[in-house]
Amino acid sequence: MPRSKEIQEQMRTKVIEIYQSGKGYKAISKALGLQRTTVRAIIHKWQKHGTVVNLPRSGRPTKITPRAQRQLIREATKDPRTTSKELQASLASTKVSVNDSTIRKILGKNGLHGRFPRRKPLLSKKH
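Numbering (my numbering), first residue to last: 35 to 161.
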């Protein structure tokens, strides 16, 4: 099941303020238009950690450095027809080994999605 939309920090702060004023879960959920389970989860997180901000999540650190990412984006914008395999080879020359799917993921996050170039009709036989 996909992850639901994240509640903004301001809304979570409002939930805590109303809770501290003495209201219950049901009253808070009606007042703010949130699910009762969401209100309960926000309050439990606040009681456990003392904060409503997003806590750091676990996961593998990125293999490619920000500098290498910038280089990758620069090369991809310089020549839009460059394939991810070619970009992978150019990164390998700088001793950074990443998969081509990782390269596509990085480019996609920066708005550079893979597209096929449109075939333009020739103007005349000479062209």
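A virtual CB, placed ideally from N, CA and C, is assigned to each residue, including glycine.
query	result
Residue closest to residue 128, alpha-carbon to alpha-carbon, out of 44, 98, 55 and 91	98
Any alpha helix (DSSP H) of 4 or more consecutive residues that is wholly inside the stretch 47-72	59-66
Residue range of the alpha helix (DSSP H) that includes residue 135	134-143
Any 3 or more C-beta pairs closer than 8 Å across the stretch 95-112 and the stretch 75-83	no
Residue 147, DSSP secondary structure in three states	coil
Other residues of its chain near residue 73: CB distance less than 7 Å, five sequence neighbours each side excluded	49, 59, 62 and 63
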